[in-house]
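To keep things clear, I will list the structure first and then write my remarks on it.
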Amino acid sequence: MLKLDEVSKVYKVGTFGGRALRAVQDVSFDVQDGEVVSLIGESGSGKSTIGKMILRLISTSSGVISFDGVDVSSLRGGARKEYYRKVQGVFQDPFSSFNPIFKADRVFRIVGQQFFPETAARKWDEKVESSLHAVGLNPEHVLDKFPHQLSGGQLQRFLIARALLLDIRFLVADEIISMLDASTRIDVLNLLADLKARGLSVLFITHDLSLGYYISERAVILYQGSVVEMGSTERIYDNPLHPYTRMLMASVPRLDKKWEQVESELRTRRNELSTGCVYYSRCGMAGKDGGCRTEKPALIEVESGHFVACGCCDQECP
Amino acid sequence: MSLQVDDLTLYYQTLHGDVKALEGATFSVADGEIMGLAGESGCGKSTLANGLILLKPPMRFVHGSVRLDDEELPVWDTDRMDAFRFRRISIVPQYAMNALNPTRKIGKMTVELLRSRKVDVRSTLPELERRLDLVGLSHEVLGMYPIELSGGMKQRMVMVLSTLLDPSLLMADEITSALDVSTQKAVARMLVEFRDRRFVKSLMVITHDLSILNQIADSILIMYAGRLAEKGSTDRIINAPRHPYTRLLIASLPKVGVRHRQTRLTGIPGSPPFLLHPPVGCRFRERCPAALPECGEEPPFVEIEKGHYVACWRESGTDAEA
Chain E
0 MLKLDEVSKV YKVGTFGGRA LRAVQDVSFD VQDGEVVSLI GESGSGKSTI
50 GKMILRLIST SSGVISFDGV DVSSLRGGAR KEYYRKVQGV FQDPFSSFNP
100 IFKADRVFRI VGQQFFPETA ARKWDEKVES SLHAVGLNPE HVLDKFPHQL
150 SGGQLQRFLI ARALLLDIRF LVADEIISML DASTRIDVLN LLADLKARGL
200 SVLFITHDLS LGYYISERAV ILYQGSVVEM GSTERIYDNP LHPYTRMLMA
250 SVPRLDKKWE QVESELRTRR NELSTGCVYY SRCGMAGKDG GCRTEKPALI
300 EVESGHFVAC GCCDQECP
Chain D
0 MSLQVDDLTL YYQTLHGDVK ALEGATFSVA DGEIMGLAGE SGCGKSTLAN
50 GLILLKPPMR FVHGSVRLDD EELPVWDTDR MDAFRFRRIS IVPQYAMNAL
100 NPTRKIGKMT VELLRSRKVD VRSTLPELER RLDLVGLSHE VLGMYPIELS
150 GGMKQRMVMV LSTLLDPSLL MADEITSALD VSTQKAVARM LVEFRDRRFV
200 KSLMVITHDL SILNQIADSI LIMYAGRLAE KGSTDRIINA PRHPYTRLLI
250 ASLPKVGVRH RQTRLTGIPG SPPFLLHPPV GCRFRERCPA ALPECGEEPP
300 FVEIEKGHYV ACWRESGTDA EA
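Protein chains in written order, with numbering that gives the first Met the number 0: chain E, 0 to 317; chain D, 0 to 321.
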């Protein structure tokens with residue numbers, strides 16, 4: 000449904016824009032109907048940039064983002080508006096998503112004016128209320144209030160309700176629960192799971208791996224703008240292969256295990272897995288891809304009475 | 000006993016009356032102990048930390064006493080506290096990145112800081128450099144402006160500065176919250192190392208993230224709506240919590256290995272009370288699934304097993320079901 004094909008984003012940096020910063024490099028993945036995909040990475044990994052490019056808040060430098068087979072950057076005028084009817088985003092800080100001068104429900108009114116001008120006011124109010132119920136809010140408690148009178152969790156659900164008023168099919172959720180309190184964040188996460196059951200697709204952008212595990216079927220791990228590992232969430236968490244993913248997994252603070260325990264587990268698993276050279280992961284040899292990743296090099300005699308278990312160093316030693 | 004806090008009560012003065020941000024806090028931190036202080040936003044954890052080091056309006060001291068190394072800490076008197084601040088009790092503030100003066104080079108700022116505390120700069124410098132080495136910062140950072148450092152580097156710099164005079168108690172206020180997981184781990188481990196090397200005698204780590212505390216803390220104190228809810232060893236709090244709030248809080252945290260399709264976690268319905276007019280009795284009563292008629296009265300913070308304190312009527316009577 001949504002497909003990214005070799006998408007890159009280059010920012011001009013420096014005083015005169017003389018240097019180029021590759022925020023996103025040749026990223027390709029897709030999101031199917033009713034699927035939650037986690038985009039996981041640390042700050043500066045380009046995960047928010049990808050979200051913004053999907054929402055067309057910034058342009059792509061190269062590559063194609065297509066929604067239902069249509070290149071989204073080609074959309075103009077009415078077609079672009081139709082796109083926003085289907086694709087919406089919710090962002091990290093709920094407090095800065097609202098204009099503090101106006102009451103919070105103004106966001107609903109704007110959606111009504113912009114997208115459903117023909118709907119009668121009474122009918123629209125009903126629609127707003129049912130949408131608020133869908134996100135687990137009581138309209139009596141939250142309507143007609145200013146943003147500062149509502150909690151972060153309520154505001155965040157407000158924004159999801161706003162997105163639901165449109166017939167959205169794709170939601171970009173950029174760190175939407177990182178600013179919420181522990182006792183309420185799980186409710187917002189469950190809400191996403193419910194929406195998914197109704198056929199909505201979600202791109203769940205997060206730096207918190209345990210949240211990604213809870214909600215998503217597939218995970219994409221980003222590092223400095225490039226995808227380093229992606230696949231089914233369970234496989235990635237149970238068997239991380241890229242050194243960066245391993246490092247991330249070993250760094251996540253967990254309630255059930257201490258860091259030392261996770262580290263030693265990963266180490267044993269790596270030893271079990273490796274059928275290749277035991278020194279592979281730390282080897283600095285240029286030609287080390289010469290099969291020694293999968294095949295254990297045999298002990299060979301390099302000079303009289305001197306044996307070595309390395310397939311590369313007999314050819315060319317640095 | 001490094002820190003002993005008795006019945007500490009702190010209010011915020013507002014036009015509408017006092018906000019009862021912290022009431023009746025009684026606890027102690029032992030020598031060499033890393034105590035985690037956890038709770039939701041607005042539960043009073045930062046109030047407690049700020050009250051111990053810089054009690055200034057609108058915060059108001061109501062009553063209570065604080066002893067550090069068997070010496071009374073005059074927390075209510077900002078001027079007399081000058082003798083203790085930075086030397087005996089120190090803090091790494093929540094936004095360490097903003098704690099450094101952006102218009103000063105870090106070395107110059109450090110010198111100014113030491114002079115203002117009447118510390119001999121020349122004799123302290125070697126120790127400063129040794130500690131920079133220890134946290135993996137090159138000595139060149141002293142000639143740099145804060146803007147030239149990354150978030151993690153600034154965080155480490157502030158940690159080195161805060162602990163330079165080997166204080167008895169260091170408070171770390173949400174210092175890992177804004178960092179990436181790998182930097183978070185490094186900073187958290189650094190706290191443990193500072194304790195192990197006796198740069199600080201004991202530590203109070205304030206965070207909303209229980210999983211970080213599980214990694215580094217010896218004991219955890221859980222706060223709710225301005226009151227202490229539970230204190231115990233990390234293992235007891237994480238694996239066998241007794242206060243209903245702690246139980247629900249820990250049950251609501253997603254863990255690696257838990258999928259929403261298999262196990263649907265639930266949050267805690269409702270929201271914390273407003274502390275301008277807090278409800279009488281247990282402050283968790285409205286959201287508590289196990290509330291009793293007694294809960295209309297305030298539960299005492301009692302020791303139910305060695306080192307494990309709970310403020311709940313269900314626990315303070317006979318040994319209730321776990």
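All C-beta atoms, glycine included, are put in the ideal place defined by N, C-alpha and C.
Predicted model only: the values in this text are computed from it and were never measured.
Residue i versus residue j - alpha carbon distance
i	j	result
Asp208 of chain D	Ser176 of chain D	8 Å
Val30 of chain E	Ser65 of chain E	11 Å
Met158 of chain D	Gly275 of chain E	43 Å
Leu54 of chain E	Leu210 of chain E	23 Å
Val201 of chain E	Gln261 of chain D	19 Å
Ala297 of chain E	Ser303 of chain E	16 Å
Leu221 of chain E	Arg245 of chain E	13 Å
Glu320 of chain D	Leu1 of chain E	For Glu320 of chain D, the predicted model reports a pLDDT of 44, less than 50, meaning its position is unreliable; a value from the coordinates is still stated below. Each residue's Cα considered, the two are about 52 Å apart.
Lys111 of chain D	Pro166 of chain D	Sequence check: residue 111 of chain D is Glu here, not Lys. Answer to the nearest angstrom: the Cα atoms are 19 Å apart.
Val134 of chain D	Val199 of chain D	15 Å
Tyr82 of chain E	Val71 of chain E	8 Å
Thr13 of chain D	Pro239 of chain E	52 Å
Val320 of chain E	Gln87 of chain E	No statement about residue 320 of chain E is possible, as the shown extent of chain E runs from 0 to 317 and does not include it.
Asp318 of chain D	Met156 of chain D	Bear in mind that a pLDDT of 47 at Asp318 of chain D, under 50, signals an unreliable position, so the number given afterwards is only what the model happens to contain. Their backbone Cα atoms lie some 48 Å apart in a straight line.
Pro317 of chain E	Cys309 of chain E	Only weak support is given to the placement of Pro317 of chain E: the predicted model assigns it a pLDDT of 44, under 50, and the question is left unresolved by the model.
Thr267 of chain E	His241 of chain E	16 Å
Phe97 of chain E	His276 of chain D	28 Å
Val65 of chain D	Met170 of chain D	15 Å
Met58 of chain D	Ala20 of chain D	9 Å
Val36 of chain E	Val261 of chain E	25 Å
Ser270 of chain D	Leu136 of chain E	13 Å
Met152 of chain D	Leu136 of chain D	7 Å
Val219 of chain E	Val226 of chain E	7 Å
Ile39 of chain E	Arg313 of chain D	42 Å
Glu326 of chain D	Leu131 of chain D	Residue coverage of chain D in this structure runs from 0 to 321, which leaves residue 326 of chain D outside it and unanswerable.
Gly17 of chain E	Arg121 of chain E	55 Å
Where the alpha helix (DSSP H) containing residue i begins and where it ends
i	result
Tyr212 of chain E	208-214
Gly231 of chain D	Gly231 of chain D -> not in any alpha helix (DSSP H); beta strand (DSSP E) instead, spanning 226-232.
Met203 of chain D	Here Met203 of chain D belongs to no alpha helix (DSSP H); instead the beta strand (DSSP E) covers 201-206.
Val204 of chain E	Just to set this straight, residue 204 of chain E is Ile in the shown sequence, not Val. Unbroken run through Ile204 of chain E is the beta strand (DSSP E), 200-205; no alpha helix (DSSP H).
Thr245 of chain D	243-250
Glu139 of chain E	138-141
Ser1 of chain D	Counting along the chain, Ser1 of chain D falls outside any alpha helix (DSSP H), and DSSP gives it neither H nor E.
Phe114 of chain E	105-114
Inter-residue CB distance, residue i and residue j (contact presumed, cutoff 8 Å)
i	j	result
Glu5 of chain E	Arg217 of chain E	So it is not a contact: roughly 19 Å between Cβ atoms.
Ile175 of chain E	Val187 of chain E	7 Å
Ser182 of chain E	Gln91 of chain E	So it is not a contact: roughly 19 Å between Cβ atoms.
Tyr244 of chain D	Ile221 of chain D	7 Å
Met248 of chain E	Phe28 of chain E	Wrong, their Cβ atoms sit about 20 Å apart, outside the cutoff.
Phe300 of chain D	Leu227 of chain D	5 Å
Boundaries of the beta strand (DSSP E) in which residue i is found, first to last residue
i	result
Ile39 of chain E	35-39
Gly174 of chain D	At residue 174 of chain D the sequence reads Ile, which differs from the Gly that was named. Element bounds for Ile174 of chain D: n/a, residue is neither H nor E.
Lys8 of chain E	1-12
His307 of chain D	307-309
Arg66 of chain D	58-67
Ile88 of chain D	88-91
| query | Is the segment 248-266 of chain E touching the segment 302-317 of chain D in the sense that three or more CB pairs, one from each, lie closer than 8 Å? | reply | no
| Chain-ordered residues of the segment 148-164 of chain E with a beta carbon less than 9 Å from chain D | Ser150, Gly151, Gly152, Gln153
| field | Cβ contact check for the segment 193-205 of chain D and the segment 25-34 of chain D: 3 or more pairs under 8 Å | value | yes
| request: Evaluate contact between the segment 72-89 of chain E and the segment 188-199 of chain E, counting only Cβ atoms and requiring at least three cross-stretch pairs below 8 Å. | output: no
| query | Taking Cβ-Cβ distances below 8 Å as the criterion, which residues of the segment 218-248 of chain D are in contact with chain E? | reply | Ile237, Leu247, Leu248
| Taking three-plus beta-carbon pairs below 8 Å as touching, is the segment 163-179 of chain E in contact with the segment 136-143 of chain E? | no
| message | Please identify, using Cβ separations under 7 Å, the residues of the segment 164-181 of chain E that lie next to chain D, in order along the chain. | response | Asp180, Ala181
| request: Using a Cβ-Cβ cut-off of less than 7 Å, list which residues of the segment 75-107 of chain D approach chain E; keep chain order. | output: none
| said: To be precise: take each residue of the segment 11-45 of chain E, compare its Cβ to all Cβ atoms of chain D, and keep it if any distance is under 7 Å. Which residues remain? | reply: Glu41, Ser42
| field | Residues in the segment 243-274 of chain E having any Cβ partner in chain D nearer than 7 Å | value | Met246, Leu247, Ser250, Val251, Pro252, Arg253, Leu254, Asp255, Lys257, Trp258
| Taking any Cβ of chain D, which residues in the segment 188-205 of chain E have a Cβ under 8 Å from it, in chain order? | Leu188, Asn189, Ala192
| said: Using 8 Å as the cut-off, can you tell me whether the segment 147-157 of chain D makes contact with the segment 63-73 of chain D, which would need three or more C-beta pairs spanning the two stretches below that distance? | reply: no
| Counting pairs of Cβ atoms below 8 Å between the segment 180-189 of chain D and the segment 230-240 of chain D, do you hit three or more? | no
| request: Return the residues of the segment 19-49 of chain D that lie within a Cβ-Cβ distance of less than 7 Å from chain E, sorted by chain order. | output: Glu39, Ser40
| query | Name the residues in the segment 181-192 of chain D whose C-beta lies less than 9 Å from a C-beta of chain E; which are they? | reply | Ser181, Thr182, Gln183, Lys184, Ala185, Ala187, Arg188
| task | Evaluate the contact criterion for the segment 78-88 of chain D versus the segment 48-65 of chain D: three or more CB pairs, one atom per stretch, below 8 Å. | result | yes
| task | Please name the residues in the segment 51-63 of chain E whose beta-carbon is closer than 9 Å to at least one beta-carbon of chain D, in chain order. | result | none
| Of all the residues that make up the segment 259-282 of chain D, which are near chain E by a beta-carbon distance shorter than 7 Å? | His259, Arg263, Leu264, Thr265, Gly266, Ile267, Ser270
| Interface positions of the segment 100-118 of chain E facing chain D (Cβ-Cβ less than 7 Å), listed along the chain | none
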